[in-house]
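Structure record follows, encoded as structure tokens.
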Amino acid sequence: MQLSEITHFRHVNDNDPIPAVPAEANLDNELYKLWGWLGGTLGFFWSVGELLAYQMVAWGDCFWHHGNTVAFLTATQSREWKECKRDLPTPAGCITIRNLLPFKTKLFLVPALAEQKMQQAGQQQKEFKASLMQADLTDFFPKGSNPDRGINLNLFNHFMTSYMPYMYNKVLELIDNAGIVEKRTFTEHRYNVDSFREQMAENKDGIPDKELKRNKIFLDIEELLDVSLSPTLSMPSGNDTLLRFAQYGEEVMENV
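Numbering-wise, the working numbering comes out as the position in the sequence shown, counting from 1, plus 14.
Okay, structure coming up:
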């Protein structure tokens, strides 16, 4: 409960089930307190019973998931249209067909940066990107819970190799954008994101509205990472640290 006053983060990679553990149940029930070591056993089974009975309802106790969410989410796009057996005089026998578009990209999302940006905007709030309003952020990144990733959990997403390349490439890209390193450019992650954005623009009339809105929000959030180098650059040796990282760093191929 004291951690709520300290800025800290929890990282979720795509469909990794590990950040969903422990499940949100009442882990502070009275059996723990009344019967000592035996209460630990009884309390555990009581908690499991509550968990099964109430389908992982959040109890609001101090064991719930805390910290600002950082998400590595693979964004996809699909195109949707209708095909009808008869078009004239009125469409009839229509079915909706939906195909996944070929290009996808993994995004490095820190929603807390959007909240910080909104606070700094002040009088310029009306000019701030409409897609980054608090209500939208809460829908996609609910406090104390996981983002709704919409597809099956995958234990392999827990391994560092499934998200480190994107973090690594993004840091190199930010260093490149800041003009810290000379005679080297880093474009691997930017190329993938730009290709995804171009695909979205080309197919915007066929992409379902909800999916189009979601991806616009995700792309806007990733753009906010530009400010993340500021704390390092404010340190006496910060610029040299980033320069050294870029000089020895090599980009990792994404989407392989």
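Note that CB positions come from ideal geometry on N, CA and C, so glycine has one too. It should be emphasised that the depicted structure is a prediction, and the values quoted were computed from it without experimental measurement.
The Cβ-Cβ distance between Ala260 and Val195 falls below 7 Å. DSSP, reduced to helix, strand and coil, places Asn29 outside both helices and strands of the structure shown, so it counts as coil. Excluding five sequence positions before and after Phe86, the CB atoms of its chain that fall closer than 7 Å to its own CB belong to Asn27, Asp28, Lys120, Phe122, Tyr177, Tyr180, given in chain order. Within the DSSP bridge table, the entry for Leu87 names Leu121 as partners. In the three-state reduction of the DSSP assignment, Lys184 falls in the helix class, which pools H, G and I.
Between Ser18 and Glu225 the beta-carbon gap is near 33 Å, outside 8 Å, which marks them as no contact. For Ile194, there is no enclosing alpha helix (DSSP H), as DSSP marks it with neither H nor E. Distance from the CA atom of Asn183 to the CA atom of Ile20, rounded to whole angstroms, is 28 Å. For the pair of segments examined, the region 166-175 was found not to touch the region 237-250: the number of CB pairs separated by less than 8 Å stays below three. The closest CA to that of Met214, considering only Asn191, Leu188, Ile231, Arg258, is found on Ile231. Taking C-alpha positions only, Leu247 is separated from Glu212 by approximately 32 Å.
Taking a contact as a CB-CB distance under 8 Å, the pair Asn229 and Ala89 counts as one, their CB atoms being some 5 Å apart.
Only exposed fits Phe23, as fewer than 16 other CB atoms lie within 10 angstroms of its CB. Secondary structure note for Ile111: its beta strand (DSSP E) is the uninterrupted segment 106-114. Sequence-distant partners of Leu114 (beyond 5 residues in either direction) whose C-beta falls short of 7 Å from its own C-beta, in its chain, are Thr90, Ser92.
In this structure, DSSP gives Ser248 a state outside helix and strand, which the three-state scheme calls coil. By the beta-carbon neighbour count (other beta carbons within 10 angstroms, threshold 16), Leu102 is exposed.
Boundaries of the alpha helix (DSSP H) harbouring Glu236: 223-237, taken from the DSSP string. The beta carbon of Glu268 sits closer than 8 Å to the beta carbons of Thr119, Lys120, Pro179, Tyr180, Asn183, Glu202, His203, Asn206 from its chain, once the five residues preceding and following it are set aside; these are given in chain order. Put simply, the backbone Cα of Phe173 is about 51 Å away from that of Arg100. Within 10 angstroms of the beta-carbon of Pro125 lie 16 or more other beta-carbons, which makes it buried.
A residue is called buried once 16 or more other Cβ atoms fall within 10 Å of its Cβ, and Ile189 is buried on that count.
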